[in-house]
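If you read the protein sequences in the order shown, they are chains A and B.
When you line the first sequence up against our numbering, it's residues 1 to 261, in that order.
When you line the second sequence up against our numbering, it's residues 1 to 805, in that order.
We put the beta carbon where it would ideally sit given N, CA and C, even for glycine.
Please read these numbers as outputs of a predicted model, since none were measured by experiment.
The structure appears right after this line, and notes come after that.
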Amino acid sequence: MKKVKTLILRTAGTNCDYETQAAFELCGAVVECVHINTLIEKKDKIFEYDILAFPGGFSYGDDIASGKILSNEVKNKLGDKFKKFALSDKPIIGICNGFQVLVKMGLLPEPKLFEQISTLSYNDSDKFECRWVYLKTEKKVKNESNCIWTKNLPDIISLSIAHGEGKFIPNNKKLLNSLNKNNQIVFRYSSKDGSKPEYPLDPNGSIEQIAGICNTKGNIFGLMPHPERYVFALQHPAKEGFDGEYGWGKIIFQNAVDFVK
Amino acid sequence: MKSTTNCKIVKILDLSDKQLLELSRKNVLSLSLEEMKAIQNYFKKLKRNPTDVEIETIAQTWSEHCKHKTLTGVIEYTEEKGSQKVRRTYRNLLKETIFKATVELNKKWCLSVFKDNAGVIEFDSKNGVAFKVETHNHPSALEPYGGSATGIGGVIRDILGVGLGAKPLANTDVFCFGNPNTVASKVPEGMHHPKRIVKGVVSGVRDYGNRMGIPTVNGAVYFDDGYMANPLVYCGTMGIIPKNKIEKKVNFGDLILVVGGRTGRDGIHGATFSSIQLDQESDVTAVQIGNPIVEKKVLDVMLKARNLNLYRAVTDCGAGGLSSAVGELGEKTGAVVYLNKVPLKYQGLSPWEIWISEAQERMVFAVPPKNKKKIVEIFKKENVEAVFIGEFTKDKKLTLIYNNDVVTSMDMKFLHDGVPKPTRLAVCKVKEEKEQKPVKMTSSEISKALRASLADLNVCSKEWIIRQYDHEVQGQTVIKPLQGNDIEVSGPGDAAVIFPYTVVRGTKKGIVLSNGLNPQYGKINTYKMAASAIEEALRNAVAVGSDVEKMSILDNFCWGNPNKPEILGSLVRAANACYDMSKAFDVPFISGKDSLHNEYSIGGKKYSIPPALLISAMGVIENVANTITMPLKNNGNKIFVLGITRDELGGSVLAKIKNIKDGIVPNVYPKESKEIMKRIYKAINKNLIESCHDCSEGGLAVAISEMAFSADRGVKIDIDAIKTETIRSMTIAEILFSESNGRFIVEVYPDNEEKFQEIFNCTVFSKVGYVNDDKKIIFESKKNKIKVQEDPETLLKVWQSTMNW
């Protein structure tokens, strides 16, 4: 059987690398956490891997704006390599700070463009908050999207969020329309019954309750909630899950590993 | 030894007593006359005057903060009970109480206690878990944000600096503040408003803890006006460490490596300033400036270096800066340090400032020369500054060199053991506690009191604080600080459980963290305050499914001025309670810390804080799947109260609300409590308990209501069924609001009732009601014609509204 190799990109202020590694390993991947300095030294190293993950944390302290410094560093020093990787249809995930990096670098929503055309800004509540939320998966709204990461999920799942800058804002209405049209909005904050949520179940005031998006091809996925914190049922506030043991976050990592296989 | 432009000779050889004291005061040395004279005598023997570097080094090393002179010094103690007087002399209070209990209990699973930066107990066959709680009170009074941020940053470094370094898994924080609703004109001149302190302190912990990627999972907040000008900020960190990395050893010839942040002028005199009363003149430069990302980088790389065995010892730069860190590591060997090699934030620091600066995010390593190149390389790879500043010697001397001049040359022995043992007087006049007049209340008065209790600052929801902390990062928080049966409701969890699966793959075990604190009791009786805090910490852990036989505890004393015999006397009593309870519960202390001199002056008048003993508990849980939360689970389930309800309203929330004079402060009955705790563990592991909640502030009324509204369920309670002490009959209000220790509320599935009762046979318990399907919280006494009825939703709102900022 093919060994699926995952690279988790680390830098100063990365802090969800351990649990992201554990999640991928639980799904059968081989994982290496690699510091960005190593990638800058060996620029083609990234092509040794099948999956690329930008984990959560506070890269460079989120100085200036969340994820901004790391996104600039990647773009300026490794931009062409990362673009090539992204366009080769290999799975890429950005979680929380990783999502902020993908968006600010411009790998999302469209890697071909590779320009920042949306942002993640300060929560409407104007504070950092950690809580569990409900997420409505896209197929509840329309047909299944292309996103390879979110197959086989129920209509509504819950995950934990922990961020101060998670309000997704596209540059313009046109972009929002095309995200909708192409089924790129894969997660929206929701009420338990699927209706439109209010604060705090809508934790940040994102446009159209957007919690996670993918590119049109569906290989690149960014989201504010933390699926790596819910791979076991034990991690859920009421210990809910599937197969008596696992949490719904696991499916997301499993999808990418299975996709590569 | 010569005077250079940067280093001054301090002429002390011919100074009079008065001049010596003046020197100590002027230079913020916080040294007593006796101590100044010891220094004078030492240098008389050396036939020379000391340099400023030497004087400062001694002052930091001998500070109360670093040496714990009071608790390890001689105390002449007198306890007065009525006309009876009992006298006792303590040569070393710590060793004769807290530490003594640990030695006598002699637990095999205690791997490192009272000798390193944190206490370590066994987690499994390969790993230990370390826990440390620190205080950062004075800095937080002056600069709340920076003070608390560097408080959490500092205790994290304690965990990095235990053994060869542990990986931090969780933080805890406990605060004491003045009333945040105080009108501005009532705030003492020159002090921050308590609300500003609360917000600053919480933001500081949030920004540092979140950026470090360590979940803040447990804590408490206590409001009392006694903390208005001198808030208390306790920060704790728990970490995991391989068993073969617990010991450190410095060899002669090892190089001294300083890693992480650069040295600046921030945090000068932090260690000595903490022994001086606060007033409006207090100097803000004593507060350090934190940068969590620098510390995070150090953490990431040092664990790699540890696993490659690149160093032999490590410790953090905390109070006293390099002076303490190098002094500690080199105590048995000796050390020479070249001060101009220390990387600086900016130029212009004098040698003594470099040496004692408490600039943050610095760790000091002892590196064998053969690893010299490799260790620097590995730090450099992730942009962490690592610079060799000297080496460990075998001359048992501390030698400091600046620009080729020797600016310090002292014996390590004098530095570490030369401090004269002070003798202090301690007196405790034991107040007699009287029962209050019977508290008679109507149904509607009880309703009002219940709502007022839930809204009380010391009971109300702390969600506003908890949610600002990332309590889920690392993905291992399986029992969370806020609990509900789905993701929306946020009831007050008793303890947190960490499931360290990312570090120990395949494990089923967990680590529980909890705490106990109640300064209100201490205003009347510090013995009972200490005993209650210990029991509360244990109860909280047991309520989520911990085995009381696998628990360990930490003490953190925050007291007023120990030079006042009554204040020191109240501390001696609390320390005695620690010994008694540790022995009786068979639970060892593994680490601790004291912060004395919590005193402030307003308009020339001095005030000491209400004494506060924080007990933090840590234990290992065999199987994290067998843990439970506090919200009620299902309609029709039965409710039991475990333990006896006694007439103990002294220091209670009800006493405060209703201004009740007198009252007995809750006692601890360790034998009785421990039997119940052991049985709860057994019952939880047999799946016989659906939910469990500790009963403390606000008594049964508050605890039962919390379980109900956290689940959005009703509950029907028959007050007449609650078993009480029979010495005198208690009123309904007394039964509902008494804060007797040793009690738990549990929910049991009807089919399990029989098996459950079998387990609790021989203990006192009462079956008091059931989970109601009409969503009403009802407390009823047919005998007394009392019926209190509330909606869970309403009570939840009352509980949440007080601190909904």
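{"query": "Extent of the continuous alpha helix (DSSP H) run through glutamine 235/A", "result": "From DSSP, glutamine 235/A is part of no alpha helix (DSSP H); its letter is neither H nor E."}
{"query": "Closer than 7 Å to chain B by CB, tyrosine 189/A", "result": "no"}
{"query": "Residue environment, valine 183/B, which counts as buried when at least 16 other CB atoms sit within 10 Å", "result": "exposed"}
{"query": "Cβ-based burial, serine 16/B [other Cβ within 10 Å; buried from 16]", "result": "exposed"}
{"query": "is_contact[histidine 193/B, chain A] using C-beta, thresh 7 Å", "result": "no"}
{"query": "Same chain, Cβ closer than 7 Å to valine 174/B, neighbours up to 5 away in sequence not counted", "result": "Gly219, Ala220, Tyr234, Asn515, Leu517 and Leu614"}
{"query": "Three-state secondary structure assigned by DSSP to threonine 731/B", "result": "coil"}
{"query": "Of the listed residues Glu76/B, Ile534/B and Arg48/B, nearest to valine 572/B (C-alpha basis)", "result": "Glu76/B"}
{"query": "Asparagine 37/A at chain B interface by Cβ criterion, 7 Å", "result": "yes"}
{"query": "C-alpha gap between glycine 236/B and valine 512/B, whole angstroms", "result": "13 Å"}
{"query": "Segment limits, beta strand (DSSP E) that includes valine 174/B", "result": "167–177"}
{"query": "Pairwise C-alpha distance: serine 652/B and asparagine 761/B", "result": "30 Å"}
{"query": "Simplified DSSP assignment, three categories, for glycine 161/B", "result": "coil"}
{"query": "Contacting residues, own chain, Cβ-Cβ under 8 Å from glutamate 115/A (five flanking each side not counted)", "result": "Gly106"}
{"query": "Residue nearest to asparagine 204/A in terms of C-alpha spacing, selected from Tyr189/A, Cys214/A, Gly249/A and Lys196/A", "result": "Tyr189/A"}
{"query": "Contacts around phenylalanine 2/A, its chain only, beta-carbon distance under 8 Å, and the 5 residues preceding and following it disregarded", "result": "A quick correction: the sequence has lysine, not phenylalanine, at residue 2/A. Val260 and Lys261."}
{"query": "One or two residues paired with arginine 10/A in a DSSP bridge", "result": "His35/A"}
{"query": "The stretch 92–99 of chain B contacting the stretch 578–593 of chain B, beta-carbon criterion three pairs below 8 Å", "result": "yes"}
{"query": "CB contact check: glycine 484/B to chain A, cutoff 7 Å", "result": "yes"}
{"query": "Three-state secondary structure (DSSP) of tryptophan 132/A", "result": "strand"}
{"query": "Presumed contact (8 Å Cβ cut-off) between threonine 627/B and valine 439/B, rounded CB distance", "result": "With 8 Å as the limit, threonine 627/B and valine 439/B do not qualify as a contact, their Cβ atoms being about 37 Å apart."}
{"query": "Outcome for lysine 68/A when other beta-carbon atoms lying within 10 angstroms are tallied against a minimum of 16", "result": "buried"}
{"query": "Contact set between the stretch 93–110 of chain A and chain B, restricted to residues whose Cβ is under 8 Å from the partner", "result": "none"}
{"query": "Option nearest threonine 726/B by Cα separation, candidates Glu80/B, Val764/B, Asp417/B and Tyr501/B", "result": "Val764/B"}
{"query": "Within 7 Å, strictly: CB atoms of glutamate 566/B and lysine 633/B", "result": "no"}
{"query": "Three-pair Cβ contact test at 8 Å for the stretch 88–95 of chain B versus the stretch 188–201 of chain B", "result": "no"}
{"query": "Beta carbon proximity, histidine 841/B to chain A, threshold 7 Å", "result": "No answer is possible for residue 841/B: the residues shown for chain B start at 1 and end at 805."}
{"query": "is_contact[glycine 213/B, chain A] using C-beta, thresh 7 Å", "result": "yes"}
{"query": "Cutoff 6 Å; reference glutamate 536/B; Cβ partners in own chain excluding five residues on either side", "result": "Gly516 and Ser696"}
{"query": "CB contact flag (asparagine 752/B, proline 631/B, <7 Å)", "result": "no"}
{"query": "Segment contact flag, the stretch 424–436 of chain B with the stretch 651–667 of chain B, C-beta cutoff 8 Å, min 3 pairs", "result": "yes"}
{"query": "Continuous alpha helix (DSSP H) stretch holding threonine 78/B: start and end", "result": "Unbroken run through threonine 78/B is the beta strand (DSSP E), 74–81; no alpha helix (DSSP H)."}
{"query": "8 Å contact criterion, which glutamate 64/B and leucine 596/B should meet: CB distance rounded", "result": "6 Å"}
{"query": "Cβ-based neighbour list, valine 806/B, same chain, cut-off 7 Å, excluding 5 preceding and 5 following", "result": "With chain B represented from 1 up to 805, any question about residue 806/B goes unanswered, as that position is not in the structure."}
{"query": "Rounded C-alpha distance that separates aspartate 773/B from methionine 707/B", "result": "15 Å"}
{"query": "Expected contact under 8 Å - CB spacing of methionine 618/B and methionine 212/B to nearest Å", "result": "Not really, about 19 Å apart at Cβ, beyond 8 Å."}
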